[in-house]
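So the protein sequences, as listed, match chains G and D.
Each residue of the first sequence is one higher than the one before, starting from 174 at the first, in the numbering used here.
Each residue of the second sequence is one higher than the one before, starting from 41 at the first, in the numbering used here.
Just so it is clear, CB atoms sit at the ideal spot from N, CA and C, and this is done for glycine as well.
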Amino acid sequence: MNDEAVREALHSDARLVIIEAPAGCGKTHQGAEYARQVGGATKGRLLILTHTHAACSMFADRTKGVGSRLEIRTIDSVIGQVAAAYHSGLGIPSNPAVWARQHNDGHAKLAVKVVTLLKNYPMITATLARRYPVVVCDEHQDSSGDQHAFAVAMLEQGSKLRIFADPMQNIFKKDNIEGVCAPYDWEELKGEADRFATLDVPHRWRNGCPELGEWTLRVREALKSGGKVNLKEGLPRSVIVVIAENAAQRNLEYRITGSHRKPVDNFESAQSSLLVLTRYNDTARSLRAFFNRRIQLWEGHTRGALENLTDAVASANGDPGDLAAAVVEFLGKVGKGFSRSGFGDRLEQEAREGCARDCRGKPATLQELARFIVSEPNHHGISKLLRRLFELKNDDATFREIEMDCHREFWDAVAIGGFASMEDGLAEITRRRTYSRPKPSDKAISIIHKAKGLECDSAIVIPCDARTFKDTKESRCLLYVAISRARRRLMLVVSRDAPSPLLVLP
Amino acid sequence: MSSPIICQLLIKRFRSIRSLIWYPANGLNIILGGGDVGKTTILDAISLVLSPVNITTLSDAEYLGRNVLDGFSITAVLFLPPGSGIDDQVSPSWPWAWNGKERSVPTADGPRGETIDPVYCVRVSGTPDLELSYEILQPDGNSSPLPVAIRRAIGLVRLSGDDRNDRDLRLVQGSALDRLISDKGLRSRLASELADVGVKEHLKEEARTALDELDVSFMSQGLPSNLDLAVTGGQGISIAALIGLTANRDGIQLPLSSWGAGTRRISALAIAAQNQGDTPITVIDEIERGLEPYRQHALVSKLEAGKSQAFVTTHSPFALQAANNASLWYVDHTGAIGSLDAPKIRGHLHRDPEAFLSFLTVVCEGTTECGFVNALLMRALSTTTKQYGIHVSDGGGQESALDLIEALASGGARFAAFADNEDGKHPERWKKVEEKLGPLLFRWTSGCVEQNIIAELEDEKLELLVIDPSEERTGMRLRTLAERLGLQQKDFCSIRAEVKAGIRQLIIEAAIGAVPESKRAAEKSEQKVFKSHARHWFKTPEGSRELEQKMFALGVWPKLKSQLLPFCNAVRNAVGLQEVQDLS
């Protein structure tokens, strides 16, 4: 109903236009259509600011042919670009991306610095505003106070701002660091807008299950207004609720026993396009085992373990023992089976002792691995070690239990061996990933945070219990994000023993 | 600010300039200075760094001492208006902070109360391979290429001193006319049109035969055949460059380049102004070239009224006289450029523009000094002062003379000065001037020229001083003396009898137009009568010459020689003459 109003608001001369954009209601479509029409026509460039590379790739797909007058960037990369331009004045090295990675909350700290710089020097913001007379802010609810201040600074210097935001998809924690701008208040921002409109047509479900779309919007309304999601009545047929209790012993792992898992298995095997969504990383890896490793883990764009490895290699300073410890740490994060007791400790010991011991069998194989980093105590050695380890996993019974959950991250680490410096390698691999814009496979397990912006025919949200979805604002948002991914069918695996306070169970 | 402005110019090892740093003003900059000091080089440097075309040929003469290995560079810190296209390049360029003195990288702490303008830093370098490289220096320490499109958008307009150059009246790539017409397809359309012109048909019989024979010869050697002639462009010869602006003169369309130099130059400026609509940086070497005084005046006024920054050299007093708001600069013989503090010299510029254009200007405090010094220097040089490019200029009184002298000294100009020392005002300022000028500054230890000469005159020669050789003023002089005494008799004997020994002091007071003690409280008009006495003595061009002659004729010179001769010799030195022992 409101699509035309939204379109009209976007194309108006108003400086600040804010669109409330629930998931699946054509936000990207509207944004991309606006970009296509305005991108070629205006003087200067149109800038689409996103928060994720996934969103960049989505906009890129939908704006093909607009040409070089349209730039689609993550807000962090634009902030990083300003930081790089003035790095000496900000007291940081010439590559802020590296700096940001090496510091806790690096990107947030960078944003604080850049926003301060822009406040002190409106001329820099003016340069940006002339370069980008129109700025579309995608998923603006994910903006930190500083990212928001960055956009507002451009508005003040003459850019037109087109903000798409869904306060119900505000799932990323805002960093609390020194000097940071307070997060903006949604209602206050709405008040400042020259034009405000809401998208309310569930387009995502038009070719899937329209009833599911309507229901998802009702769920959103309930969660937004502090109410509960009613699973007792009014459910469309496409929503299946399974009641099952988690039998796993270890914290955050997940297991269902016996007949309880049958409906889940049946549902999984019946789908060709599926996202298994869960809140926590450890649960996601545990779900890999749950589905017998048939379903890959969606790794998203970030490579946390690899970044940690890079930093550890830098601080190891050529010490083979420290390098071995870093590799063991890395393997623990990207896969399972390469335990400290079974493999890691011995590998590290061999590396520290320079592979001097006489040994046979499994220790000899570990010594062979350690020798790679003893003779080349750097990322080249590590790369060879990892490659050999992968061969052993297939050829050597002792290593057969080793499993990789994060394949891409593992192979990125191998690929870094091909670069002269590890920092450069990481930067280049990141750059390539930015351009190749990988997508999850047809079926994937993902944490909810990494699934934001994705969609598929079917989704399983598992588990929906008291631990995952408490009655907090964050949990309300996470639950809504998870539910709104599926176009045709949705399965919610709920717990009666530990029910989520956000759900009314059947 | 809506026009591009060069805030700072840095030249290194370009032609004769080893190193020059300059902070030009907004608006019109007039560069003065002697011959071969590098005025034109500065204009050429500006033209090169902002050249709207990529220049392909570079001669080793562009390098200091022809030393190509060390390269040269011209760096300009530029303010660029929003329309310059700098914000529209594929890779972004970032502004530096400019505080009026230096560019700096904006810091996290902010400008701390300083007023900051955004500037860009562009540089052209001559490489050891005789190539030019254009770059923008970015605040991150890297540089990126400076696209020709940005230089074109800045739209430098240049009128060189070179008479034959009419490129701005032709469709040469990057010329003002080319930018105005800016019809991208024109070249190729013309090329195909002209290719169809049947040149062969216009050939005489023998010529056509020769071409046919060549064709046969080509064919037999397996070379391309079916030869014909057509209009074609080629390396360095563009067809479009043959197209020039024409205008009607007495019913015939003639190329504008056949008009006079002045008209050609003004036309080129008009094209540029039309073209930019706004405000190109304008560079004009020898603005007076080809222009009558009234057109010089009009052109300078136009440049002053415009919003754009302009750089002009001139040797013309008319052009200088027209300058009201311009900033004046002086390039000295070491190649350094200094500001001639404009407000201090504005009045003088209008009264006596030659003072800024001569080889050596001698600033004198007033009328008496002016004539006196001119006569003295003619004696010292044994010829006219003009012969040596010396201009003796009337400073117009102590205050304005000191202002002018200070302005010239801080600008590094070449000059001498001749001043009184009547009441010991501004000791500090004079001390600084003295340090700068050395023996080229002459200042009486006390009093003025009349006082010093009359004081040294023997008693019996005092009457001779009163007598005007032309007889015209003798009577008036006696009358000024009598008036001061309230005496009816106006002959020298009666006057002397009245004041006795006081006659010398009486003559001095009349000659300098002193107001008597008793009249200090009187009406202005009454005081004026006494002041006007000086005009009947030496405070005129003729009178001051007379005073100089009498200094020698009445035997005063030997007593003042030790003071005045060093000054005369300093001036001789300045124009390349040896010192003399005495004057006669």
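Minimum C-alpha distance to residue i - residue among the options
i              : options                           : result
R581 (chain G) : G:E526, G:G505 and G:H474         : G:H474
A659 (chain G) : G:R304, G:Q540, G:R423 and G:L385 : G:L385
Y453 (chain G) : G:R573, G:T641, G:L220 and G:R303 : G:T641
A205 (chain G) : G:L219, G:A196 and G:I621         : G:L219
V569 (chain D) : D:K501, D:E582 and D:A551         : D:A551
S184 (chain D) : D:R192, D:Y174 and D:L480         : D:Y174
A420 (chain D) : D:N613, D:E328, D:G464 and D:R575 : D:N613
E102 (chain D) : D:L120, D:A116 and D:G78          : D:G78
R180 (chain G) : G:A196, G:N424, G:H202 and G:P375 : G:H202
N490 (chain G) : G:H552, G:D455 and G:I413         : G:H552
D484 (chain G) : G:Q275, G:V190, G:T247 and G:C229 : G:Q275
H373 (chain D) : D:H388, D:A363, D:L400 and D:P383 : D:L400
L416 (chain D) : D:R519, D:S398, D:L360 and D:F482 : D:F482
F119 (chain D) : D:I82, D:L83, D:C161 and D:D100   : D:C161
E498 (chain D) : D:F578, D:R524 and D:V596         : D:V596
G181 (chain D) : G:S261, G:G318, G:Q342 and G:I297 : G:S261
I555 (chain G) : G:R530, G:A588, G:R533 and G:K616 : G:A588
Chain D residues whose Cβ lies nearer than 9 Å to that of residue i
i              : result
K286 (chain G) : A148
Contact set between residue i and chain G, taken where Cβ atoms lie within less than 8 Å
i              : result
D76 (chain D)  : The contacting residues do not exist; D76 (chain D) stays about 41 Å from chain G at best.
A130 (chain D) : Strictly speaking, residue 130 (chain D) in this sequence is Val, with Ala absent from that position. By Cβ distance, chain G contributes S241.
L127 (chain D) : The sequence shown places Asp at residue 127 (chain D), rather than the Leu named in the question. Correct list: G217, T300, R303 and R304.
Bounding residues of the beta strand (DSSP E) (the contiguous stretch that carries residue i)
i              : result
P185 (chain D) : S183 to P185
N646 (chain D) : What the structure shows of chain D is the stretch from 41 to 624, and residue 646 (chain D) is not part of that stretch, so it cannot be assessed.
I126 (chain D) : Counting along the chain, I126 (chain D) falls outside any beta strand (DSSP E), and DSSP gives it neither H nor E.
N288 (chain D) : T286 to R289
L50 (chain D)  : I45 to F54
V308 (chain G) : V307 to C310
A617 (chain G) : K616 to I620
L480 (chain D) : Here L480 (chain D) belongs to no beta strand (DSSP E), and DSSP marks it neither H nor E.
P295 (chain D) : I292 to P295
Y334 (chain D) : No beta strand (DSSP E) contains Y334 (chain D), which is instead part of the alpha helix (DSSP H) from P333 to A345.
G73 (chain D)  : L68 to G73
Check: residue i C-beta below 6 Å from any heavy atom of the ligand FAD
i              : result
P357 (chain D) : Questions concerning the ligand FAD fall outside what the structure shown contains, since it holds no ligand whatsoever.
Neighbouring residues, chain D, relative to residue i (Cβ below 7 Å)
i              : result
T289 (chain G) : A148
Run of the alpha helix (DSSP H) containing residue i, from where it starts to where it stops
i              : result
S257 (chain D) : E245 to S260
F642 (chain D) : Residue coverage of chain D in this structure runs from 41 to 624, which leaves residue 642 (chain D) outside it and unanswerable.
F412 (chain D) : T407 to L421
I602 (chain G) : M595 to S609
Proximal chain G residues relative to residue i, where beta-carbon distance stays under 7 Å
i              : result
P636 (chain D) : Beyond the ends of chain D as shown, which are 41 and 624, falls residue 636 (chain D); an answer cannot be given.
V145 (chain D) : Y259, S261 and G262
Cross-chain neighbours of residue i in chain G, by beta carbon under 9 Å
i              : result
P12 (chain D)  : Coverage of chain D is limited to positions 41 through 624, which leaves residue 12 (chain D) absent and any answer about it impossible.
V117 (chain D) : Per Cβ cutoff of 9 Å: no residues; V117 (chain D) is ~14 Å from chain G at best.
Exercise. Check distances from the C-beta atoms of the segment 295-312 of chain G to those of chain D and list, in chain order, the residues that come in under 7 Å.
Key: Residues of the segment 295-312 of chain G that bring their beta carbon within less than 7 Å of a beta carbon in chain D comprise M296, I297, T300, R303 and R304, in sequence order.
Self-check item: Short-range partners of chain G found in the segment 172-201 of chain D, where Cβ spacing is below 7 Å
Solution: Of all residues in the segment 172-201 of chain D, Q178, P179, D180 and G181 have a Cβ within less than 7 Å of some Cβ in chain G.
Quiz item: Listed in chain order, which residues of the segment 239-270 of chain G have Cβ atoms closer than 9 Å to some Cβ of chain D?
Solution: Among the residues of the segment 239-270 of chain G, those with a Cβ less than 9 Å away from any Cβ of chain D are S241, Q254, V255, A257, A258, Y259, H260, S261, G262, L263, G264 and S267, in the order of the chain.
Self-check item: Any beta strand (DSSP E) of 3 or more consecutive residues that is wholly inside the segment 210-298 of chain G
Solution: For the segment 210-298 of chain G, whole beta strand (DSSP E) runs of length 3 or above, ordered along the chain, are 219-223 and 243-247.
Exercise. Please specify which runs of the alpha helix (DSSP H), each continuous and at least 4 residues long, are wholly inside the segment 524-568 of chain G, giving them in chain order.
Key: Runs of the alpha helix (DSSP H) inside the segment 524-568 of chain G: 534-548 and 552-568.
Self-check item: Residues from the segment 151-170 of chain D in contact with chain G, defined by Cβ distance under 8 Å
Solution: Hits within the stretch, in order: P151, I156, D157 and P158.
Quiz prompt | Sequence ranges, beta strand (DSSP E) only - wholly within the segment 361-396 of chain D, length at least 3 | solution = If we require 3 residues or more, the beta strand (DSSP E) runs fully inside the segment 361-396 of chain D come out as 367-371 and 377-380.
Practice problem: Any chance you could list the beta strand (DSSP E) runs of at least 3 consecutive residues sitting entirely within the segment 147-192 of chain D, in chain order? | Solution: DSSP runs (the beta strand (DSSP E)) wholly in the segment 147-192 of chain D: 157-166, 172-177 and 183-185.
Practice problem: Ignoring anything shorter than 4 residues or poking outside the segment 548-621 of chain D, list the alpha helix (DSSP H) runs there in chain order. | Solution: Counting whole runs of 4 or more residues, the segment 548-621 of chain D contains the alpha helix (DSSP H) stretches 564-571, 573-576, 581-593 and 597-614.
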